[in-house]
Amino acid sequence: MALFDWMAEATGPVLRGQGVLLRPPRPSDYAEWAELRGGSRDYLQPWEPAWAEDDLTKAAFRRRLSVYTREMELGTAWPLFIFDPEEERLMGAITLSNIRRGVAETGTLGYWVGQPYAGQGVGTTSVRAILGFAFGALKLHRVEAACVPTNHASRRVLEKAGFRHEGLARAYLKINGAWADHLLFGVIRDEFVPGPIVSSSYLRDSL
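Following this line, the structure appears as structure tokens:
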């Protein structure tokens, strides 16, 4: 069962999985975020929407934080950064977004892992940690995800984390400047088996 306590650095959940720590981004994360994103650009860009010209600037990062704060206040999205809990290194980011309540009780999952940490299980453990939060504290019924058919690494992450392949959506999202087909995945609460080390706390003050 998730445990909640109170700390005073940011707003939102802090999730601990096996070898990862997930928490809301802070203004002080900018330099490390920009370095990791910039250094991983060629690795990430084929699977993401086209980057804006000012994407890695401090002003753009501040705008992101403003949007993130509003989303968390509304409960429509939970954007978290992924860290190595031992060395406190930023390794990527994961977001549970587009949360729909009522008859749906569903959210959409997206994530990225910097190139230096690819292939080390970071994505899988982070996905499992946020699923524990989605099906635990948030009490969602279902989480959805999608990936480009040629993104084999992302598909492996989803399948290892418990998602099932459910179909193909044609021209689903505009990726790297072009409309791209996506494989659709889903996992429901009754199917999810929590990982061996998943806990959470909650940070209450503003970003």
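With the first letter of the sequence shown counted as 1, position 25 gets the number 25 in the UniProt record's numbering; the numbers rise by one all the way through.
Ideal Cβ placement from N, Cα and C applies to all residues, glycine included.
Check                                                                                                                              : Outcome
CB contact flag (serine 40, glycine 114, <8 angstroms)                                                                             : yes
Cutoff 8 angstroms; reference leucine 207; Cβ partners in own chain excluding five residues on either side                         : Low confidence applies to leucine 207: its pLDDT is 38, below 50, so where it sits in the model is not reliable, and the reading given next is rough at best. Within the same chain, leucine 207 has close Cβ partners Ala10, Thr11, Pro24, Pro25, Arg26, Pro27, Leu65, Tyr68, Thr69.
Valine 193 in three-state terms, based on DSSP                                                                                     : coil
Inter-residue spacing [alpha-carbon to alpha-carbon] between glutamate 144 and valine 20                                           : 22 angstroms
Beta-ladder partner(s) of histidine 165, from DSSP                                                                                 : Phe185
Endpoints, alpha helix (DSSP H) assigned at tryptophan 33                                                                          : 30-39
Residues that DSSP places opposite tryptophan 112 in a beta bridge                                                                 : Ala93
Whole-angstrom C-beta distance between leucine 96 and tryptophan 112, which should lie under 8 angstroms                           : Contact flag wrong, Cβ pair sits at about 14 angstroms.
Status (buried if at least 16 other CB within 10 Å, exposed otherwise) for proline 13                                              : buried
Residue-chain proximity (glycine 38, chain D), Cβ-Cβ < 8 angstroms                                                                 : Structure shown: chain D not included; a single protein chain is present.
Best match in Glu73, Leu138, Phe61, Glu87 for proximity to residue 209 [C-alpha to C-alpha]                                        : Nothing can be reported for residue 209, as the shown portion of the chain is limited to 1 through 207.
Cβ-based burial, glutamate 42 [other Cβ within 10 Å; buried from 16]                                                               : The sequence shown places aspartate at residue 42, rather than the glutamate named in the question. Looking at its Cβ environment, which holds fewer than 16 other Cβ atoms inside 10 Å, aspartate 42 is exposed.
Contact the segment 174-187 vs the segment 53-63: 3+ CB pairs below 8 angstroms                                                    : no
Buried or exposed (CB count within 10 angstroms, at least 16 for buried), tryptophan 33                                            : buried
Other residues of its chain near glutamate 71: CB distance less than 8 angstroms, five sequence neighbours each side excluded      : Ala77, Trp78, Pro79, Ser97
Every unbroken beta strand (DSSP E) within the segment 99-158, with a cutoff of 3 residues, ordered by chain                       : 106-113, 142-147
Arginine 63, buried or exposed, once every other Cβ within 10 Å from all chains shown has been counted against 16                  : exposed
Bridge-paired residues (DSSP) for tryptophan 78                                                                                    : Leu96
Own chain partners of phenylalanine 192 with C-beta closer than 7 angstroms, once the 5 adjacent residues on each side are dropped : Leu131, Phe135, Gly162
Reduced DSSP category for tryptophan 179 - H, G, I as helix; E, B as strand; rest coil                                             : strand
Within 8 angstroms, strictly: CB atoms of alanine 146 and tyrosine 172                                                             : yes
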